[in-house]
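Enquirer: Please see the structure below; I have some questions.
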Amino acid sequence: MTAARASRLDNRPSSGGVARLARVTNDRTGSRGGKKKPPGSAPVVRRRRPKEETRELLLQEAEDLLVERLAQGSDTLNPLAALRITDVLRSINERHSDESRMTTGAAYQIWESQTDFQDELYDRIMRKVSVPWEARVRESMNAAMAAGLPLEDVLCALGDAPTPAREKVELTLAAGLSAFVSPARIRRAEKRANAEFVRVLGGMIEEALEYGGRRMRPELTIPDIVWLIEAVGVGTNLRERSHPELVRRADSEGRQIVDLALVGIVMVMTEAIPGRRSPRRRRSS
């Protein structure tokens with residue numbers, strides 16, 4: 485889980501933040517405070533990056549910093565509000581030569597303020613967590629159907645695909661940030677991501693129902709199932725971060741309890757198609 489200018493994040497920097505950030509000390513940018521150059525040495529010529537290259541570099545670095553801080557157990561209440569453009573610049577400049585170092589001026593040619601920067605970073609994070617799992621989840625589901633497993637096991641296969649550690653942290657980050665942003669801002673940021681999420685996961689659910697000989701109950705829709713599955717997934721992600729032993733439990737057949745919840749959601753919101761028989765072969769434990 486995007487008229488006037490886009491709504492600002494709820495946690496704004498204090499007034500005068502732009503001016504303060506623009507007055508970053510030169511020792512951070514490398515223009516002075518470093519070692520004096522010997523007489524007659526050639527001046528450093530900075531490479532001018534295209535604007536979009538600069539934007540992508542800053543946003544990717546900012547995202548990496550947020551993920552790193554969360555993965556390391558940062559106690560910051562609102563990590564997005566705590567991340568400053570100067571933090572991102574410092575991180576980039578620590579790895580680059582004098583010729584490719586960046587200054588706040590480059591950043592403020594793209595974003596007029598700290599808040600504008602945080603707005604775009606939030607949009608980026610919301611988009612990234614929508615469907616990065618599509619290929620591996622589809623592969624897991626298709627393998628279950630090809631093996632002739634019953635619908636319950638096909639649905640469990642949706643959650644069986646392994647999730648990379650970074651994606652788990654990104655989902656935690658997205659869920660956490662949403663708690664600090666106004667509902668209207670969240671709706672704007674998630675508009676495209678939500679449509680893609682429903683299209684991808686909803687399509688998989690429809691395929692599974694067709695395979696298992698079931699259909700939606702008349703008063704319910706595929707998006708109803710999708711959003712309930714998302715709620716279970718996000719809640720499980722947050723609980724697993726603090727209490728993994730509570731959510732990494734399984735039944736006697738090896739099904740994870742979160743997968744059982746998914747099966748329950750789908751089965752109770754659908755009905756068997758009269759005259760259709762579904763596969764009954766059980767998977768091996």
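Converting from the sequence shown to our numbering requires adding 484 to each position, the first position being numbered 1. Glycine is no exception: its CB is placed at the ideal position from the N, C-alpha and C atoms.
Alpha carbon to alpha carbon, how far is ASP548 from THR599? Give it in angstroms, no decimals.
Expert: Here residue 599 refers to the residue found at position 115 when the sequence shown is read from its first residue. Here residue 548 refers to the residue found at position 64 when the sequence shown is read from its first residue. If I take the Cα positions, the gap works out to 19 Å.
Enquirer: Just checking, does the region 668-686 make contact with the region 731-740 on the three C-beta pairs under 8 Å criterion?
Expert: With a cut-off of 8 Å, the region 731-740 and the region 668-686 do not count as touching, because too few Cβ pairs lie within range.
Enquirer: Quick one: Cα of GLU690 to Cα of THR754, how far?
Expert: On the sequence shown, position 206 is the one that residue 690 refers to. On the sequence shown, position 270 is the one that residue 754 refers to. Each residue's Cα considered, the two are about 11 Å apart.
Enquirer: In angstroms, rounded to a whole number, what distance separates the CA positions of SER575 and LEU564?
Expert: By 1-based counting over the sequence shown, the position of residue 575 is 91. By 1-based counting over the sequence shown, the position of residue 564 is 80. The straight-line gap from Cα to Cα measures roughly 16 Å.
Enquirer: So, do the region 740-755 and the region 633-640 have three or more beta carbon pairs nearer to each other than 8 Å?
Expert: Flag = yes, the region 740-755 and the region 633-640 touch.
Enquirer: So ARG698 and ALA756 are supposed to be a Cβ contact under 8 Å. How far apart are they, rounded?
Expert: Working through the sequence shown from its first residue, we reach residue 698 at position 214. Working through the sequence shown from its first residue, we reach residue 756 at position 272. Rounded, the Cβ-Cβ distance is 6 Å, consistent with contact.
Enquirer: Is it buried or exposed for ARG739, if we count other Cβ within 10 angstroms and need 16 for buried?
Expert: Numbered from 1 along the sequence shown, position 255 holds the residue referred to as residue 739. Buried.
Enquirer: Going by DSSP in three states, ARG699 sits in which element: helix, strand or coil?
Expert: The residue given as residue 699 occupies position 215 in the sequence shown. Strand at ARG699.
Enquirer: On the criterion of 16 or more Cβ atoms from any shown chain inside 10 Å, does ALA546 qualify as buried, or is it exposed?
Expert: Taking the sequence shown and counting its residues from 1, one reaches residue 546 at position 62. Buried, by the Cβ-count rule.
Enquirer: Using a 10 Å radius around the Cβ and a threshold of 16 neighbouring Cβ atoms, would you call THR560 buried or exposed?
Expert: Within the sequence shown, numbered from 1, the residue matching residue 560 stands at position 76. The residue in question, THR560, is exposed, as its Cβ has fewer than 16 Cβ neighbours within 10 Å.
Enquirer: My output table needs one value for ALA734: the three-state DSSP class, helix, strand or coil.
Expert: Within the sequence shown, residue 734 is the residue found at index 250, counting from 1. Correct three-state label for ALA734: strand.
Enquirer: Can you check the region 566-644 for any alpha helix (DSSP H) of at least 4 residues that lies completely inside it and give the ranges in chain order?
Expert: Runs of the alpha helix (DSSP H) inside the region 566-644: 569-577, 588-592, 598-612, 618-630, 635-644.
Enquirer: Under 8 Å between the Cβ atoms of VAL621 and ALA645?
Expert: As a working mapping, residue 621 is identified with position 137 in the sequence shown. As a working mapping, residue 645 is identified with position 161 in the sequence shown. In this structure, ALA645 lies closer than 8 Å to VAL621 by Cβ.
Enquirer: Give me the DSSP bridge partner(s) of THR754.
Expert: By 1-based counting over the sequence shown, the position of residue 754 is 270. The partner list for THR754 (beta bridge, DSSP) reads MET700.
Enquirer: In three-state terms, what does DSSP make of GLN556?
Expert: Against the sequence shown, residue 556 aligns to sequence position 72. Coil at GLN556, not helix or strand.
Enquirer: How far does the alpha helix (DSSP H) with PRO707 in it reach, from first residue to last?
Expert: The residue you call residue 707 lines up with position 223 of the sequence shown. That run of the alpha helix (DSSP H) goes 706-726.
Enquirer: Shortest alpha-carbon distance to ALA679 belongs to which of GLY660, ILE706, ARG723?
Expert: Reading the sequence shown from its first residue, position 195 is the one you call residue 679. Out of GLY660, ILE706, ARG723, ILE706 has the C-alpha closest to the C-alpha of ALA679.
Enquirer: Taking the alpha carbon of VAL551 as the point to measure from, which residue in GLY660, ARG676, PRO728, MET586 has its own alpha carbon closest?
Expert: Position 67 of the sequence shown holds residue 551. Here the closest residue by C-alpha is GLY660.
Enquirer: Among PHE681, SER597, ARG725, which residue has its Cα nearest to the Cα of LEU712?
Expert: To locate residue 712, count along the sequence shown from 1; it is residue 228. It is PHE681 whose Cα lies nearest to the Cα of LEU712.
Enquirer: For LYS778, which residues from the same chain have a beta carbon less than 7 Å from its beta carbon, with the 5 sequence-adjacent residues on both sides left out?
Expert: The requested residue 778 is not part of the displayed model; the chain covers only 485 to 769.
Enquirer: Classify ALA715 as buried or exposed, calling it buried when 16 or more other Cβ atoms lie within 10 Å of its own Cβ.
Expert: One-based indexing of the sequence shown puts residue 715 at position 231. So ALA715 counts as exposed.
Enquirer: Out of curiosity, what's the CA-to-CA distance linking GLY687 and HIS580?
Expert: As a working note, residue 687 is residue 203 in the sequence shown. As a working note, residue 580 is residue 96 in the sequence shown. One C-alpha to the other measures close to 45 Å.
Enquirer: Compare the Cα-Cα distances from SER624 to each of THR656, GLY643, MET610 and report the closest residue.
Expert: Taking the first residue of the sequence shown as position 1, residue 624 is located at position 140. The shortest Cα separation from SER624 among THR656, GLY643, MET610 belongs to GLY643.
Enquirer: To which residues does DSSP link GLN740 through a beta bridge?
Expert: Within the sequence shown, numbered from 1, the residue matching residue 740 stands at position 256. DSSP lists ALA734 as partners of GLN740.
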